[in-house]
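Below: one structure, written as structure tokens.
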Amino acid sequence: MELLSVHNLNKKYEKFALKNVSFSLEKGYIMGFVGRNGAGKTTMLKTMLNLVHADGGTVSFLGKDYFSDELACKQKIGLMFGDIFYYPKQRLRTITNVVKRFYNEWDDAAYEGYLARFDLDPEKKVEKLSTGMKVKYSLALALSHHAQLLILDEPTSGLDPVSRDDMLELFQELIEGGETSILFSTQITSDLEKCADFITYIKDGAIIASTEKDEFLDSYKIVKGSGERLTNDLRHKLIGCKENSLGFSGLVKTTDLRGGTGLEVSAADVESIMIYYEKGRAE
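Pasting the structure below:
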């Protein structure tokens, strides 16, 4: 069942714009939202949630028009944004007692469980938390009111490798029942490869691809060869290209690789796809 649907979402600023952003997410899956700094990841999430006003487009959540039924929808959405700051002098317990009042299905037992799992002391003040612990506290709040959709902006930012791996395992646990979905933005491409079912890639405010992870990866190949094999026809097929005295390497759509090419062809990972897309090709 479709949980979230975003259609032709637009937001214009003086020097940046979201351009007809569309994607959807079904129940019980994890979608990784990836793009370089300034690509529009956070802007898209905030526009989708009406934290900034959209200039056009629709958002549907659980079959409801999100913009016209925002308060009811937010009861079933857990949010975590990296640029939300809590009062540094306040204790976690005090902040939680304020936040919990906004959710009809707040679960104290679940919250206490996440505090224990993340090794968080409710009597500690925010100013005493490391960056990683602040991330864990924000996630504990987002997870403690039976949300069906978790929207997490850079949730593994600031975490050490072990904590990051623990977080990704938690994401997998959360979707096991088939009722909860997770949409998270990241620049850490290995996170996507470990836990995402779907990948949505945004570049300069526009969606390049939004599809199953395996389909996304299978859609591209890395090709390498000597300089003499870089014909004009091949150059125009390449999404991105690197050249040096030994030859070239580039990213190409799998559908453009027909027949024998005489090139070395290998699989592409998320990081290499992003790098070639962002750097482009020299004409």
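In case it helps, our numbering puts the sequence shown at residues 119 to 401. Glycine included, each C-beta is placed from N, C-alpha and C at the ideal position. Since this is a predicted model, take the numbers as computed values, not measurements.
- Per DSSP, Met162 has no beta-bridge partner at all.
- Residue burial annotation: Phe334 is buried, with at least 16 other C-beta atoms found within 10 angstroms of its C-beta.
- The residues Phe141 and Thr318, in chain order, have a CB closer than 6 angstroms to that of Ser328 in the same chain once the five nearest residues on each side in sequence are set aside.
- Restricting attention to Glu272, Gly181, Leu233 and Glu223, the CA atom closest to the CA of Leu310 is found in Glu272.
- Here Asp315 is buried: its Cβ has 16 or more other Cβ atoms, across all protein chains shown, within 10 Å.
- Note that the C-beta distance between Gly345 and Cys359 is not below 8 angstroms.
- Taking all protein chains shown into account, Arg235 has fewer than 16 neighbouring C-beta atoms within 10 Å of its C-beta and is therefore exposed.
- Spatial neighbours of Asp387 in its own chain (CB-CB distance under 8 angstroms, excluding positions within 5 residues in sequence) are listed in chain order as Thr307, Glu311 and Leu335.
- Cβ-Cβ distances below 6 angstroms link Thr160 to Asp271 in the same chain, with the five nearest sequence neighbours on each side left out; the list follows chain order.
- Burial check for Leu189: the Cβ neighbour count within 10 Å stays below 16, so the residue is exposed.
- Taking every protein chain shown into account, the CB of Ala227 has fewer than 16 other CB atoms within 10 angstroms, so this residue is exposed.
- With contacts defined by Cβ atoms closer than 8 angstroms, Leu257 and Met198 form a contacting pair.
- Between the region 160 to 172 and the region 123 to 136, the count of C-beta pairs closer than 8 angstroms reaches three or more; the two stretches touch.
- Here DSSP, grouped into helix, strand and coil, assigns His263 to coil.
- Per the C-alpha coordinates, the member of Arg282, Ala324 and Leu292 positioned closest to Thr304 is Arg282.
- Within the DSSP bridge table, the entry for Ile148 names Ile300 as partners.
- Rounded to whole angstroms, the gap between the alpha carbons of Tyr395 and Phe151 is 16 angstroms.
- In this structure, the CA atom of Pro206 is about 59 angstroms from the CA atom of Arg376.
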